[in-house]
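Structure, as structure tokens:
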Amino acid sequence: MSGTSSTSDEVVLREYYAPKAAQPSATFSGSYLHKIAFRHPGYRDEFEQNVLLTLYAFDNHSRGLHYATAHTACALVACNAWEGYLTHTRDGERLQLPADGLLTEKEYYFRLPGNTRYPVYPTFLNWKFPKDKMPPHWPEEIQDDGEGETALVAPPSVSGVTKAVIARDKGCIISKDQDYVEKAHLCPQSEAEWFRINGMGDYNLNDNLADEVITDDISNAIGLRPDIHKAFEDRRFIIVRKRDQWVVHFTNLTQNLGHRYHNTPLKLRTGASSRCLLIRFAWAIFPSVKKFLTRGASHTPPYTHIPPDSQKQHKPLEITEAPSDGTTYTSPNPYAGVAEKLAEKERVDKLRLSWLRPQRPSNPDLICCDYNAASAAHNSGIQGRAKWSRSQLCEKCLGVEYAKDRDDDEDEDLPPWVNGE
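Residue 1 is where the sequence shown starts when you use the UniProt record's numbering, and the numbers rise one by one after that.
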């Protein structure tokens with residue numbers, strides 16, 4: 001035998017394998033320019049203050065957004081108004097598109113039959129889960145896409161959920177990787193109180209869960225790779241129905257994940273909850289509504305906040321518009337300094353609430369102690385004072401909340417379209 005080593009006895013270096021984008025790659029856009037605005041027909045177009053939602057449109061190389069996904073997002077915000085429809089203009093004809101059709105224009109109006117001033121839920125916490133009527137094309141149960149996998153005999157305990165999820169999903173449901181897979185909640189653990197109040201525990205496979213672990217059910221979890229899990233928690237994507245399959249739908253910009261996984265089908269297995277997928281959809285979408293509520297003082301809620309345990313919890317945000325004198329406001333830069341002023345106003349409001357809440361020990365989260373009185377004033381067409389953003393609060397709350405008239409000159413140098421005056 002020769003004493004010299006052959007090349008076959010030496011280490012061989014391999015070339016790096018770069019993951020490829022999902023095919024056909026030309027059908028994905030990922031551009032920050034490709035967005036679609038959905039306007040509320042009950043309010044003026046000036047300064048974009050009637051834009052209810054703005055969604056990224058990644059379903060086409062130029063601009064395209066799945067119709068059913070866009071419709072579900074708008075309807076969730078508009079108090080689960082599945083009967084709503086899209087038009088090209090404020091008074092235009094109903095857009096006729098199939099569920100899997102593509103929206104390609106820059107903007108649309110979301111309208112309800114006979115109601116241009118429809119109410120909206122301002123936040124996820126105010127949203128009521130639509131138990132009685134799910135969105136069109138959204139199944140109530142997941143039919144096993146996992147090629148005949150056997151369902152669990154009994155639900156796992158809280159400590160065993162992670163292991164059970166990974167065993168059920170056979171790894172990351174998106175990338176198919178099996179290393180370092182994590183349990184990802186569909187309804188976030190931070191929303192356990194909302195989950196409880198909406199009675200979502202009734203759908204848990206483990207009916208012994210309560211309090212802070214009520215969301216730790218296997219039906220409320222999927223297996224994800226750590227980086228994809230992080231993107232999920234950052235609201236970068238949701239899971240929706242397209243062409244009768246569950247697919248990954250990216251709702252925000254990413255460096256690589258969108259190119260690799262947008263619109264790729266998933267094999268969801270029995271035991272995962274389609275209801276919890278809808279909860280995640282809503283949770284990811286609702287932060288976008290904040291701009292609609294803060295762009296101008298013409299958006300005025302009859303109350304500021306309702307505590308989760310209140311019977312008034314699911315009352316939607318009914319919006320009134322400050323009267324217009326017909327004046328058109330023009331300025332070379334109408335937004336100058338407004339963001340800073342609104343941020344300061346929000347900071348002061350938080351400080352005020354931190355002082356107010358301890359004075360209401362019976363219901364510390366409730367700002368207005370007599371919603372009925374405030375609502376009656378609103379329904380009678382009585383507007384609140386401009387310095388209170390024309391909102392309606394009962395006399396007791398006005399007396400406590402503004403005892404020192406701290407708002408007398410707080411917003412005097414804001415533009416009229418912010419002050420509502």
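Positions of the beta carbon are idealized from the N, C-alpha and C atoms, including for glycine.
- If you draw a straight line from the Cα of ILE166 to the Cα of ARG44, it comes to about 50 Å.
- The residue among PHE38, LEU33, PHE286, PRO24 with its C-alpha nearest the C-alpha of TRP127 is PHE286.
- Segment contact: the segment 207-220 against the segment 229-244, fewer than three CB-CB distances shorter than 8 Å; contact not assigned.
- Contact between the segment 18-34 and the segment 82-92 is absent: fewer than 3 CB-CB pairs across the two stretches fall below 8 Å.
- Boundaries of the beta strand (DSSP E) around VAL51: 51-56.
- Per DSSP, reduced to three states, the secondary structure at ASN115 is strand.
- With a contact defined as Cβ atoms closer than 8 Å, TYR109 and ARG39 qualify at about 5 Å.
- Under DSSP, the beta-bridge partners assigned to TYR109 are ARG39, THR87.
- Residue burial is scored here from C-beta neighbours: VAL12 has fewer than 16 other C-beta atoms within 10 angstroms and is therefore classed as exposed.
- The alpha-carbon of HIS259 is positioned some 11 Å away from that of VAL248.
- Judged by DSSP secondary structure, GLY223 falls within the beta strand (DSSP E) whose first and last residues are 221-224.
- For the segment 173-230, the full-length beta strand (DSSP E) segments reaching 3 residues or more read 182-185, 221-224 along the chain.
- Taking a 10 Å sphere around the C-beta of ASP202, we find fewer than 16 other C-beta atoms and assign the residue as exposed.
- Annotation: LEU224 to ASP179 spans about 10 Å, alpha carbon to alpha carbon.
- In this chain, the beta strand (DSSP E) harbouring LYS242 covers 237-242.
- DSSP places GLY64 within a strand segment (E or B) once states are collapsed to three.
- Excluding its 5 nearest sequence neighbours in each direction, LEU266 has C-beta neighbours in its own chain below 8 Å: ASP145, ILE173, ILE174, ILE239, GLN245, TRP246, VAL247, VAL248, listed in chain order.
- A straight-line Cα-Cα distance of about 38 Å links ARG94 and GLY271.
- By the C-beta density criterion, TYR261 is buried, having at least 16 other C-beta atoms within 10 angstroms.
- Within 10 angstroms of the beta-carbon of LEU55 lie 16 or more other beta-carbons, which makes it buried.
- Annotated as distal: ASN204 and PHE129, with beta-carbon spacing of 9 Å or more.
- In this structure, the alpha-carbon of ALA68 lies about 32 Å from that of THR162.
- A direct Cα-Cα distance of roughly 43 Å separates GLY84 from SER159.
- Ranked by how close their Cα comes to the Cα of ALA210, the residues GLU346, ILE222, ALA192, ALA22 have ALA192 in first place.
- If you ignore the 5 residues before and after SER29, its C-beta comes within less than 8 Å of the C-beta of ALA57, PHE58, ASP59, ASN60, HIS61, SER62, ARG63, GLY64, all in its own chain and listed in chain order.
- Under the DSSP assignment, TRP246 falls in the beta strand (DSSP E) whose first and last residues are 245-250.
- Non-local beta-carbon contacts of LEU97 in its own chain, meaning distances under 7 Å to residues more than five positions away in sequence, involve TYR67 in chain order.
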